[in-house]
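Novice: Got a structure for you, written out below as structure tokens; questions coming shortly.
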Ligand code: FES
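In structure tokens form, the structure reads like this:
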């Protein structure tokens, strides 16, 4: 499941639309009440003898129809409002991983639970995770660019730069392919070697996490961004900002 951020201006436009729809609904409702009251007093039909009769009462059936449509529209609107409210992200949910963030599973049976050392089998496969602010409990899942691959590898198999950044062989990278921004989902044997690698199934780009997630196959133009981690008492935290650009290359 992937969650996408609402644009702030979209929120404002939706709110304005909902307010306007409710105002129309209210006006219709008041007109109908006036008609019904009028009707109760035996003047439900328009009459030239009654010039003060509201025009909206010319046809009570028409007004009721308007009310019904208004009610349906308003119901739909508020249903939409509820949906929008549910989709509204708390502050910080779309911010990039921050130093001190913990990491939680982004999918599977353990979705939302903390990722710890014991969740990472040596040699993979990787765990897909979101950063989470431990102070506010906000999971930074409002931007797909925040999804992370965490994997534990044999430190002896890492290149110097990757080993220096690793924590007991654990390394983390952006899960977004640098080619066209698809999620990197596979952990499979490379097309050009006998080791397993991260693979983006959109156009088959492969990245080797032992070598800083450099591209070993496919059209991806650059390595995956790396995320420094810290490990304390089996708990993983983010130790710094992404190293490298996150996301796919711009078209054109
Ligand atoms: S988007 Fe990943 S290889 Fe094209």
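In UniProt numbering, the protein residues as written are 1 to 252. Just so it is clear, CB atoms sit at the ideal spot from N, CA and C, and this is done for glycine as well.
#1: Starting from the C-beta of residue 124, find all residues in its chain whose C-beta is less than 7 Å away, skip the five residues before and the five after it, and write them out in chain order.
#2: Look up residue 199 in the DSSP assignment and give the residues it is bridged to.
#3: Looking only at its own chain, which residues have a Cβ that is under 7 Å from the Cβ of residue 95, when we skip the five neighbours before and after it?
#4: Pick out whichever of 245, 132 and 236 has its Cα sitting closest to the Cα of residue 214.
#5: Taking just the CA atoms, how far does residue 99 sit from residue 133?
#6: If you count every other CB in all the chains shown that lies within 10 Å of the CB of residue 122, and 16 or more means buried, which is it?
#7: Does DSSP classify residue 242 as helix, strand or coil?
#8: Could you give the C-beta distance for residue 216 and residue 190, rounded to a whole number, given that I count them as a contact under 8 Å?
#9: Would you tell me roughly how many angstroms separate the C-alpha atoms of residue 142 and residue 93, rounded to the nearest one?
#10: Say the cut is 7 Å; is the CB of residue 235 nearer than that to a heavy atom of the ligand FES?
#11: Would you check whether the ligand FES has a heavy atom nearer than 7 Å to the C-beta of residue 244?
Specialist: In terms of the structure at hand:
#1: For the purposes of this step, residue 124 is identified with residue 124 of the chain shown, where counting begins at 1. For residue 124, where only same-chain residues beyond five positions count, the Cβ hits under 7 Å are 151, 187 and 196.
#2: To locate residue 199, count along the chain shown from 1; it is residue 199. According to DSSP, which records beta bridges pairwise, residue 199 is partnered with 186 and 206.
#3: Position 95 of the chain shown, counted from the first residue, corresponds to residue 95. Correct list, in chain order: 140.
#4: Within the chain shown, residue 214 is the residue found at index 214, counting from 1. That would be 245, whose Cα lies nearest to the Cα of residue 214.
#5: Here the question's residue 133 lines up with position 133 in the chain shown. Here the question's residue 99 lines up with position 99 in the chain shown. Looking at the two C-alpha atoms, the distance is approximately 9 Å.
#6: In the chain shown, residue 122 corresponds to position 122, counting from 1. Result: exposed.
#7: Position 242 of the chain shown, counted from the first residue, corresponds to residue 242. Residue 242 falls in the coil class under three-state DSSP.
#8: For the purposes of this step, residue 216 is taken as the residue at position 216 of the chain shown. For the purposes of this step, residue 190 is taken as the residue at position 190 of the chain shown. The pair is a contact, with the Cβ atoms about 6 Å apart (cut-off 8 Å).
#9: Looking up residue 142 in the chain shown gives position 142. Looking up residue 93 in the chain shown gives position 93. If I take the Cα positions, the gap works out to 5 Å.
#10: Within the chain shown, residue 235 is the residue found at index 235, counting from 1. Not under cutoff, so the answer is no.
#11: Working through the chain shown from its first residue, we reach residue 244 at position 244. No; taking the cut-off as 7 Å, the Cβ of residue 244 has no heavy atom of the ligand FES nearer than that.
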